[in-house]
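Residues 96 to 580, numbered by my numbering, are exactly what the sequence shown covers, in order.
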Amino acid sequence: MKLLPATEKITEIDADAVVLGIYADGQPTAHAAQFDQVTDGLLGRLLEAKEITGKTNKLVPLLAVAGVRAQLVLVVGLGEKEKLTRGSAYRVAATAARRLSLKQRQRVAMYFDDAWSDETFQAAAAGVITGCQGQDLYRTEKKRHPFGEVLLAGAAAEELSQGQIVGEAVNLARQLVNEPAAQIYPESFARQAQEVADACQLECEIWDQARLEAENCGALLAVARGSVRPARLVILRYQGAGADQRPLALVGKGVTFDSGGLSLKPSDGMLAMKCDMAGAAAVLAALQAIARLQLPVNVVAIMGLVENMVSGDSYKLGDVLTARSGKTIEIHNTDAEGRVVLADALNVAVEQGATKIIDLATLTGACCVALGNDVVGAMANDQAWCDAVTGAAQNVGEPIWQLPMFPEYGQQIKSQIADIKNVGEGRWGGAITAAKFLEEFVDDTPWVHLDIAGPSFLEKAKPWMDGGGTGVMVRTLIEVARTLK
Ligand code: BES
Ligand code: ZN
Ligand code: ZN
96 MKLLPATEKI TEIDADAVVL GIYADGQPTA HAAQFDQVTD GLLGRLLEAK EITGKTNKLV
156 PLLAVAGVRA QLVLVVGLGE KEKLTRGSAY RVAATAARRL SLKQRQRVAM YFDDAWSDET
216 FQAAAAGVIT GCQGQDLYRT EKKRHPFGEV LLAGAAAEEL SQGQIVGEAV NLARQLVNEP
276 AAQIYPESFA RQAQEVADAC QLECEIWDQA RLEAENCGAL LAVARGSVRP ARLVILRYQG
336 AGADQRPLAL VGKGVTFDSG GLSLKPSDGM LAMKCDMAGA AAVLAALQAI ARLQLPVNVV
396 AIMGLVENMV SGDSYKLGDV LTARSGKTIE IHNTDAEGRV VLADALNVAV EQGATKIIDL
456 ATLTGACCVA LGNDVVGAMA NDQAWCDAVT GAAQNVGEPI WQLPMFPEYG QQIKSQIADI
516 KNVGEGRWGG AITAAKFLEE FVDDTPWVHL DIAGPSFLEK AKPWMDGGGT GVMVRTLIEV
576 ARTLK
């Protein structure tokens with residue numbers, strides 16, 4: 096899909112459809128004013144009659160408007176002018192694009208507000224890219240049709256191309272999540288990472304079974320043992336700053352399917368578990384964008400890739416594993432496998448000399464209980480670093496909320512036989528006891544854990560996004576890299 100600045104007026108442009116943004120408080124944009132001039136005050140009348148309200152993401156299609164060349168004008172509500180953010184611009188543009196992409200259209204032009212900042216236009220461009228990408232990978236008749244080209248009035252070409260890079264990264268993460276576990280398993284995920292690395296000139300290291308054994312990744316390997324699919328650990332390196340600068344580390348949980356293992360999940364709870372590699376997908380996608388944007392930072396990405404399955408060789412309850420760091424882990428529940436995989440992946444991040452770490456994981460159902468399905472849980476060992484990450488999330492409009500990490504929670508993961516056990520006492524505070532477990536493997540490195548179990552996968556579509564994988568936190572990670580100090 097091509098994104099270009101629009102130079103013609105909304106009424107004159109030759110397009111299959113035009114989008115016109117309207118604020119809720121009645122302040123017309125320059126485009127709305129020009130539109131009203133040509134159409135004898137049509138918008139004004141529709142606003143007066145409350146057929147159009149300008150409420151956020153509300154869509155009103157107008158057909159064959161006299162004086163307008165395009166046969167479809169899609170009016171989209173921008174909400175109140177003072178409340179417009181990069182996040183709401185992303186969603187508004189995506190909402191409009193999503194509706195228009197229901198059928199094939201060659202040329203679509205969008206007229207929001209020329210007074211928007213460069214960053215806001217960038218966000219809108221990203222929204223256009225994700226809005227018209229669906230989850231119907233295997234549907235014979237597609238429900239979404241990306242446009243041939245999209246023209247955005249008031250935007251600079253540079254902002255559009257950067258926004259496109261961001262949107263395409265979000266789509267990459269979504270696609271990896273949406274692909275069934277038969278398609279995306281540790282080896283094939285690693286191949287995808289290698290392809291991204293080749294295309295973006297990233298350094299790529301893939302640890303296979305033998306290497307993982309040589310590296311003493313006893314935790315990750317134990318989880319993988321129940322599957323016929325061998326484990327992989329992928330390390331990608333992007334160097335945008337001096338070779339002497341230690342990197343930011345992004346660590347992703349890549350459980351390509353989580354059956355629960357011997358602590359088997361009930362069928363309903365297993366259905367969406369192809370999404371259990373959304374953390375690794377977000378990390379890979381973010382690195383792709385960071386490289387394409389040529390950001391002046393060094394980043395290392397580490398993805399722990401396994402399938403959690405049931406077999407005669409599955410790891411068992413009561414097993415004691417020795418993690419790469421040397422710590423021993425008693426297994427009380429094989430369905431708490433993500434933290435076990437991350438134990439080794441985080442240790443690799445520390446060894447890579449990371450100055451700061453962010454891990455992303457579809458880690459606990461408890462986080463969904465605490466925060467619902469739309470909010471990411473953040474847990475950290477360093478408040479300043481946590482503030483930087485949540486600040487970046489706020490900049491791009493991805494909802495995130497910090498949970499406490501009081502030392503008392505750590506009592507719950509003490510084991511009688513080993514250094515720690517892999518679940519807390521009972522279900523309560525489960526998102527935090529999981530984070531306490533992870534904290535054991537980051538030493539003193541400033542670290543933020545993002546539990547994306549809820550927001551990584553939509554059961555039901557939002558106005559701005561189809562159901563399925565969401566690519567949550569990809570935009571935040573890119574923003575973190577952009578604002579890194
Ligand atoms: N992958 C799941 C968490 C999950 C739940 C992700 C729902 C996405 C949606 C994780 O491995 C898991 O099963 N966690 C257990 C931990 C428990 C056994 C301590 C959970 O949350 O029930
Ligand atoms: Zn699990
Ligand atoms: Zn899992």
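Just so it is clear, CB atoms sit at the ideal spot from N, CA and C, and this is done for glycine as well.
task = Quick one: residues in its chain with C-beta nearer than 7 Å to the C-beta of residue 466, no 5 flanking neighbours on either side, listed in chain order?
result = Sequence index remark: in the sequence shown, residue 466 carries index 371 (1-based). Excluding residues within five positions, the ones whose Cβ falls inside 7 Å are 472, 496 and 549.
key: Top-ranked residue by Cα proximity to residue 175, from 116, 161, 523 and 195   = By 1-based counting over the sequence shown, the position of residue 175 is 80. Selected option, being the one with the closest Cα: 116.
Candidates 218, 474, 226 and 161, of which the one nearest residue 526 by Cα = On the sequence shown, residue 526 is found 431 positions in, with the first residue counted as 1. Per the Cα distances, 474.
message = Quick check: the Cα distance between residue 121 and residue 147, rounded to an integer number of angstroms?
response = Position 26 of the sequence shown, counting from 1, holds the residue named residue 121. Position 52 of the sequence shown, counting from 1, holds the residue named residue 147. Cα to Cα, residue 121 sits roughly 10 Å from residue 147.
key: Residues of its chain near residue 310, where Cβ-Cβ distance is below 7 Å and the 5 sequence neighbours each way are ignored   = The residue labelled residue 310 in the question sits at position 215 within the sequence shown. Here the set comprises 302 and 419.
query = Nearest to residue 414 by alpha carbon, out of 153, 554, 429 and 192?
reply = Along the sequence shown, one-based indexing puts residue 414 at 319. Checking every option, the nearest Cα to that of residue 414 belongs to 429.
task = Per DSSP, which residues does residue 299 bridge with? Please list them.
result = In the sequence shown, residue 299 corresponds to position 204, counting from 1. Paired residues: 331.
task = State buried or exposed for residue 237, treating a residue as buried only when at least 16 other CB atoms are found within 10 Å of its CB.
result = The residue given as residue 237 occupies position 142 in the sequence shown. Residue 237 should be labelled exposed.
message = For chain D, check one thing: does any of its Cβ atoms lie closer than 8 Å to the Cβ of residue 284?
response = Going by chain labels, chain D is absent from the structure shown, which holds only one protein chain.
query = Any heavy atom of ligand 2 closer than 7 Å to the CB of residue 431?
reply = Translated into the one-based positions of the sequence shown, residue 431 becomes position 336. Residue 431: yes, Cβ under 7 Å from ligand 2.
query = What did DSSP end up calling residue 185 once you bin it into helix, strand or coil?
reply = Counted from its first residue, the sequence shown places residue 185 at position 90. Residue state, collapsed to three classes: helix.
request  = Measure the C-alpha to C-alpha separation of residue 394 and residue 332 and round it to an integer number of angstroms.
outcome  = Mapped onto the sequence shown, residue 394 falls at position 299. Mapped onto the sequence shown, residue 332 falls at position 237. Approximately 6 Å between the Cα atoms of the pair.
request  = Spell out the partners DSSP gives residue 284 in its beta bridges.
outcome  = Within the sequence shown, numbered from 1, the residue matching residue 284 stands at position 189. Beta-bridge analysis with DSSP links residue 284 to no other residue.
message = Following a CB-centred definition, is residue 353 positioned closer than 7 Å to any heavy atom of ligand 2?
response = The residue you call residue 353 lines up with position 258 of the sequence shown. At a cut-off of 7 Å, the beta-carbon of residue 353 counts as near ligand 2: some heavy atom of the ligand is closer than that.
task = Would you kindly work out how many angstroms separate the C-alpha atoms of residue 295 and residue 165, rounded to a whole number?
result = As a first step, residue 295 must be located in the sequence shown, where it is residue number 200. As a first step, residue 165 must be located in the sequence shown, where it is residue number 70. Taking C-alpha positions only, residue 295 is separated from residue 165 by approximately 39 Å.
request  = May I ask you to report which of helix, strand or coil DSSP gives residue 452?
outcome  = The sequence position of residue 452 within the sequence shown is 357, counting from 1. Here residue 452 sits in strand by DSSP.
key: Residue interval of the alpha helix (DSSP H) (run including residue 521)   = If you number the sequence shown from 1, residue 521 lands on position 426. Premise fails: residue 521 is in no alpha helix (DSSP H) and is neither H nor E.
query = Taking the alpha carbon of residue 452 as the point to measure from, which residue in 144, 576, 231 and 140 has its own alpha carbon closest?
reply = Within the sequence shown, the letter at position 357 stands for residue 452. Among 144, 576, 231 and 140, the Cα nearest to that of residue 452 is on 576.
query = Skipping 5 residues on each side, what residues in its chain have a beta carbon closer than 6 Å to that of residue 276?
reply = Start at 1 with the first residue of the sequence shown, and residue 276 comes out as number 181. Contacts found: 351, 352 and 369.
key: Cβ separation of residue 573 and residue 264, assumed to be a contact under 8 Å, to the nearest whole Å   = Residue 573 sits at position 478 when you count from the first residue of the sequence shown. Residue 264 sits at position 169 when you count from the first residue of the sequence shown. About 7 Å; that satisfies the 8 Å criterion.
inquiry  = Quick check: the Cα distance between residue 267 and residue 538, rounded to an integer number of angstroms?
reply    = Translated into the one-based positions of the sequence shown, residue 267 becomes position 172. Translated into the one-based positions of the sequence shown, residue 538 becomes position 443. Computed Cα separation, rounded: 32 Å.
query = Exposed or buried, which one is residue 235 when buried takes at least 16 other CB atoms within 10 Å?
reply = In the sequence shown, residue 235 corresponds to position 140, counting from 1. Under this definition residue 235 is an exposed residue.
query = Is residue 133 near ligand 1, going by C-beta to nearest heavy atom under 7 Å?
reply = Start at 1 with the first residue of the sequence shown, and residue 133 comes out as number 38. No, the Cβ of residue 133 stays beyond 7 Å of every heavy atom of ligand 1.
Residues bridged to residue 172 (per DSSP) = Indexing the sequence shown from 1 puts residue 172 at position 77. Answer is 117, bridged to residue 172.
message = Measuring CB atoms only, is the segment 128 to 142 touching the segment 190 to 200, in the sense that at least three cross pairs come out at less than 8 Å?
response = no
Residue 161, buried or exposed, once every other Cβ within 10 Å from all chains shown has been counted against 16 = Start at 1 with the first residue of the sequence shown, and residue 161 comes out as number 66. With fewer than 16 neighbouring CB atoms inside 10 Å of its own CB, residue 161 falls in the exposed class.
message = Assuming residue 504 is part of the alpha helix (DSSP H), what are its boundary residues?
response = Position 409 of the sequence shown, counted from the first residue, corresponds to residue 504. Taken as a continuous stretch (DSSP letters only), the alpha helix (DSSP H) holding residue 504 covers 502 to 506.
request  = Compute the Euclidean distance between the alpha carbons of residue 571 and residue 135, then round it to the nearest angstrom.
outcome  = Counting from 1 along the sequence shown, the entry for residue 571 is found at position 476. Counting from 1 along the sequence shown, the entry for residue 135 is found at position 40. Taking the straight line joining both Cα atoms gives about 44 Å.
request  = Helix, strand or coil for residue 432, going by three-state DSSP, please let me know.
outcome  = To locate residue 432, count along the sequence shown from 1; it is residue 337. In this structure, residue 432 counts as coil in the three-state DSSP scheme.
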